[in-house]
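I have placed the structure first, in the form of structure tokens, so that the comments after it can refer back to it.
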Amino acid sequence: MVKAKYIPERGDIVWLDLTPTKGHEQKGVRPVLVVSPKLYNAKTGLALMCPITSASKGYSFEVPLNFTQTIGVVLADHIRSLDWKVRNARYVETVSDATIDEVEGKLRTLIGG
């Protein structure tokens with residue numbers, strides 16, 4: 001039996017290596033929240049992702065993770081398009097619809113939608 005390759009889906013938390021980075025960007029191997037849909041991620045090999053940090057600072061673009069194994073906050077304003085294949089995305093868990101909706105609401109504020 002052949003095991004199917006994992007493709008990140010909207011709402012998944014995956015571990016990913018964010019290095020290299022510059023300036024204030026989140027770096028290192030850490031959990032990230034996938035924001036883009038599975039179809040896009042599969043076709044392009046890229047995914048829109050927001051890093052997760054355990055060091056909450058109370059900023060307005062932080063979204064707390066509730067009822068998850070992953071402890072911390074999603075940094076919605078640090079969204080990046082990343083090659084999840086090359087960075088070896090590893091699935092952890094999936095967040096609630098309420099969490100992904102809150103992240104997307106913060107993103108709409110950022111882009112003026």
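FYI, this note's numbering numbers position 42 of the sequence shown as 42, with every residue one higher than the one before it. Ideal Cβ positions, reconstructed from N, Cα and C, are used throughout, including at glycine.
Nearest neighbour of Ala55 by Cα position, chosen from Leu110, Arg10, Lys43 and Thr70, turns out to be Thr70.
The alpha-carbon of Asp12 is positioned some 15 angstroms away from that of Lys5. Per DSSP, the unbroken beta strand (DSSP E) holding Ile52 starts and ends at Leu46 to Thr53. Counting of Cβ neighbours within 10 angstroms places Val86 among the exposed residues, the total staying below 16. Leu65 carries a coil assignment under DSSP once its states are collapsed to helix, strand and coil.
Between Leu16 and Asn88, the alpha-carbon positions lie close to 6 angstroms from each other. Annotated as proximal: Ala76 and Val63, with beta-carbon spacing under 7 angstroms. Distance from the CA atom of Val103 to the CA atom of Ser81, rounded to whole angstroms, is 15 angstroms. With 16 or more other Cβ atoms inside 10 Å of its own Cβ, Ala47 counts as buried.
Classified as exposed, Arg108 has fewer than 16 neighbouring CB atoms from the shown chains inside 10 Å of its CB.
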